[in-house]
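Engineer: In the working numbering, the protein residues as written are 12 to 319. Using N, Cα and C, we set each Cβ at its ideal position, and we do this for glycine too.
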């Protein structure tokens, strides 16, 4: 069974192969859309490599290992916050590249298009579609178990690449079919027109990922998690006679960060530390999501200022 790191490594290798193949055949065929597809794939491979490194840091940190020596001392609160940063950067890069390609495609159309060798273009597109669909299926199937945001984004990237290349394949076959016919004059426009149409379709696709990553970076509290924490805290207050509570929650990538401060009446008889820990255990079990990716802090104070 493949884990997150193994899938990302396979994805990087497959992406580099597709990108190199695309750039070479794009230059041979004279197709700007194929060259763009290859460069796009190389950029995606770079982002996937970065995601693999961050994923490795997160896993090793959760296992209480010391990742890469000095990094452990400098990131004492873990590496979860790096995940949404990478997702934001990746999604933004995908949209920016697509916008740039759209502008160039429109300029190419206005200049009269370009001639290309459809035989090279069709061979490239057919082989690349097969690779993209295979990778999307492999990673999508594995991610039903892993539930990784990195893998989910990579699956979408493979689907996007496959969709781009499939549309290019249809366009190239159409252009090849009209060569030598009365419609021959449209052949130079096939390449830039197909690229422009594809860019219009794929530009909005990473918006959801970018929005969620930005929400994580800004530490916007998830509504359901905040409601659950407040409910558990309210039940704890009623059960133990506390005055009130303050709760702070955030979801950062795969991690859940929760801080709860219980306001305790002053002048009460002291409790053993074991009794306070027992209350913490009760609250932790009631909140759920216990594991390496949950950061839970529970404090007790008689001074509200310490909780705000």
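1. Mind checking which residues open and close the alpha helix (DSSP H) that includes residue 184?
2. Do residue 266 and residue 256 have their C-beta atoms closer together than 8 angstroms?
3. State the Cα-Cα distance for the pair residue 322 and residue 280, rounded to the nearest angstrom.
4. Which of the three DSSP states, helix, strand or coil, is assigned to residue 256?
5. In angstroms with no decimal places, state the Cα-to-Cα distance between residue 27 and residue 45.
6. Can the beta-carbon of residue 276 be found less than 8 angstroms from the beta-carbon of residue 254?
7. Buried or exposed: which applies to residue 111, given that a residue is buried once 16 or more other Cβ atoms fall within 10 Å of its Cβ?
8. How about residue 213 and residue 171: do their beta carbons lie closer than 8 angstroms?
9. Rounded to whole angstroms, what's the CA-CA distance from residue 173 to residue 234? Just pull it up for me.
10. Would residue 132 and residue 42 be called neighbours here (beta carbons separated by less than 8 angstroms)?
11. What number of angstroms, rounded off, separates the C-alpha of residue 296 from the C-alpha of residue 305?
12. Within this structure, are the beta carbons of residue 102 and residue 260 separated by less than 8 angstroms?
13. Are the CB atoms of residue 91 and residue 263 within a distance shorter than 8 angstroms?
14. Among residues of its own chain, excluding the 5 on either side of residue 168, which ones have a beta-carbon nearer than 6 angstroms to its beta-carbon?
15. So, with DSSP's three-state summary, where would you put residue 122?
16. Checking 8 angstroms against the spacing of the C-beta atoms, do residue 153 and residue 18 come in under that value?
17. Count the other C-beta atoms from every protein chain shown that fall within 10 angstroms of the C-beta of residue 48, then say buried if there are 16 or more, exposed otherwise.
18. Please state if the CB of residue 203 and the CB of residue 120 are separated by a distance shorter than 8 angstroms.
19. List the whole-angstrom C-beta distance separating residue 124 from residue 200, where the pair is believed to meet the contact cut-off of C-beta under 8 angstroms.
20. Could you check where the beta strand (DSSP E) with residue 274 kicks off and where it finishes?
21. Pull up the DSSP beta-bridge partners for residue 311, would you.
22. Could you tell me the alpha carbon to alpha carbon distance between residue 315 and residue 273, rounded to whole angstroms?
23. Tell me whether residue 91 sits in a helix, a strand or coil according to DSSP, three-state version.
24. Going by alpha carbons, who is nearest to residue 24 out of 37, 250, 146, 180?
25. Rounding to the nearest angstrom, what Cα-Cα distance links residue 164 and residue 69 in this structure?
26. In this structure, does DSSP put residue 56 in helix, strand or coil?
27. Once the 5 residues before and after residue 127 are set aside, which same chain residues still bring their CB inside 6 angstroms of it?
28. Assign residue 95 to one of two classes, buried (16 or more other C-beta atoms within 10 Å of its C-beta) or exposed (fewer than that).
Structural biologist: Reading from the atomic positions:
1. 160-189
2. no
3. Because the chain spans 12 through 319 in this model, residue 322 falls outside it and cannot be assessed.
4. strand
5. 14 angstroms
6. yes
7. exposed
8. yes
9. 36 angstroms
10. yes
11. 12 angstroms
12. no
13. yes
14. 55
15. coil
16. yes
17. buried
18. yes
19. 4 angstroms
20. 266-274
21. 273
22. 9 angstroms
23. coil
24. 146
25. 17 angstroms
26. helix
27. 40, 41, 42, 202
28. buried
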